[in-house]
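Quick note, the sequence shown lines up with residues -15 to 321 if you use my numbering. C-beta atoms are modelled at their ideal positions from N, C-alpha and C, and glycine is treated no differently. What follows is a short report on a single structure.
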Amino acid sequence: MKKRAFSGVQPSGVLHLGNYFGAIKRFTDFQDDYDCFFCIVDLHSITVYQDPEELPKLINDTALYYLAAGLDPQKATLFVQSDVPCHAELSWMLECVSTFGELSRMTQFKDKSKGKESFSSGLFTYPVLMAADILLYDTDVVPVGEDQKQHVELCRDLAQRFNSRYGETFKVPEAVIPEFGARIKSLQNPDKKMSKSDPNPLGYISLSDSKDDIVNKIRRAVTDSGREIVYSPEDKPAIANLMTIYSLCTGLEFSEIEEQFEGKGYAAFKQALADAIIETLAPVQEKYREYAESGIISSILKQGAEKANEVSSQVLKRAKQRMGLSLLLDPTKRKLS
Ligand code: TYM
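As structure tokens, this is what we get:
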């Protein structure tokens, strides 16, 4: 039997190059060898306010980009989190197994709540919902970028704690993080990751950016002192980040890039980088348009939700039984409308 892979992306704004190289493009590497479940985690996105008029479009767009990046719905199950009620239910059960202390130590929570007078409780319990997502599918591997590593560690801790308290219930999953591209940095500040919540759009390249946008953003990307193209993350973090993106787009090694641009300076490198990004994104944008026009996405998401409900409801039932909760409403017998 194939091992299972699970991952998710929030529909909370534009998808950017970090999401592409750190996650959705890599998902396609798993679909032949793993039984894959990929989720659009809309419940996670509402931990901060989302415009209810806009959210359905963002959910749809995120699904379309999964397909445009090469995800094959015949091979992988693609679904929306809020179409599968087991996620929110298991999340509550796991909240009762997690501690306030361990959730307080989550760096993403600390970053996102920093300096804010008020934030939702959901922002605090966010990683527990993520653990529920993963554990409901008896997941073996979780392909994610570097920033989600701590959350997957928490998921492992919760699974182990639940298993030792209530008896063997959950498979303990592992994060799979790529060697390169796991942490693409902001184009404006190489100390920060490229992020869709960045208020400055010059910090990220969105998957829908036009050629002109890409050229402009790369031209204005910050660089380091000097003018040599050498890979040295400590001394030249901005150039190292741009070289990482160039390497991911072209498949060239850092030594080959250094050779290609020896004595040529930043302007020539930036021009080539912009071209490489445009070339990488052109087929993705083309496929995005094709899938959008075909209108096929709603039936793909419906089929995905059916399969996800089937699998997750069995695991939820198992967990409810172990905890001694009521099973008058059998989760495996609920139906989608
Ligand atoms: P999200 O939506 O922030 O990001 C989606 C995926 O993109 C990766 N990523 C990056 N990779 C490299 N460089 C970057 N700058 C960069 N920014 C984002 C993320 O690591 C992630 O893999 N909590 C998750 C969503 C989630 C999830 C899950 C993931 C919910 N449930 C279960 C895995 C399994 C998140 O916020 O991702």
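Which of helix, strand or coil does DSSP assign to residue i?
| i | result |
| --- | --- |
| K201 | helix |
| D19 | strand |
| T228 | helix |
| K59 | coil |
| A266 | helix |
| G(-3) | coil |
| K155 | coil |
| R140 | helix |
| S29 | helix |
| F245 | coil |
| P221 | helix |
| K195 | helix |
| S278 | helix |
| S170 | coil |
| R10 | helix |
| F5 | helix |
| K190 | It is worth fixing the name first, because residue 190 is Ser in this sequence and not Lys. Strand. |
| S283 | helix |
| P127 | strand |
| I24 | strand |
| V160 | strand |
| S296 | helix |
| S239 | helix |
| G(-8) | strand |
| K(-13) | strand |
| K177 | strand |
| G210 | coil |
| D182 | coil |
| S148 | helix |
| L311 | coil |
| D259 | helix |
| D117 | helix |
How would you call residue i, buried or exposed, if buried means at least 16 neighbouring beta carbons within 10 angstroms?
| i | result |
| --- | --- |
| P36 | exposed |
| Y49 | buried |
| Q15 | buried |
| F(-10) | buried |
| C233 | buried |
| E73 | buried |
| C80 | exposed |
| L27 | buried |
| N293 | buried |
| Q305 | exposed |
| P40 | exposed |
| R10 | buried |
| L313 | exposed |
| R(-12) | buried |
| A258 | buried |
| P57 | buried |
| F245 | buried |
| Y33 | exposed |
Does any residue of chain B bring its CB to less than 8 angstroms from the CB of residue i?
| i | result |
| --- | --- |
| T234 | Chain labels in this structure do not include chain B; a single protein chain is all it has. |
### Query
Does the segment 209 to 227 come within contact of the segment 151 to 166, defined as at least 3 CB pairs closer than 8 angstroms?
Contact between the segment 209 to 227 and the segment 151 to 166 is absent, because fewer than three Cβ pairs lie under 8 angstroms.
### Message
Any contact between the segment 138 to 146 and the segment 113 to 122? By contact I mean 3 or more CB pairs, one from each, below 8 angstroms.
### Response
yes
### Length at least 3, wholly inside the segment 31 to 113: the beta strand (DSSP E) runs in chain order
With a minimum length of 3 residues, the continuous beta strand (DSSP E) runs that stay inside the segment 31 to 113 are 60 to 64.
### Query
Can you find at least 3 beta carbon pairs, one from the segment 278 to 290 and one from the segment 61 to 76, that sit closer than 8 angstroms?
Output reads yes: the segment 61 to 76 touches the segment 278 to 290.
### Task
Give a yes or no on contact between the segment 296 to 309 and the segment 263 to 272, applying the rule of three or more CB pairs nearer than 8 angstroms.
No, they do not touch.
### Query
Is it true that the segment 120 to 134 meets the segment 42 to 58, where meeting means three or more beta-carbon pairs spaced less than 8 angstroms apart?
Because the criterion of three Cβ pairs below 8 angstroms is not met, the segment 120 to 134 and the segment 42 to 58 do not touch.
### Query
Between the segment -2 to 11 and the segment 166 to 179, do three or more beta carbon pairs fall short of 8 angstroms?
In this structure the segment -2 to 11 lies against the segment 166 to 179, because at least three pairs of beta carbons, one per stretch, are closer than 8 angstroms.
### Message
For the structure I just gave you, are there three or more beta carbon pairs, one from the segment 171 to 182 and one from the segment 206 to 221, closer than 8 angstroms?
### Response
yes
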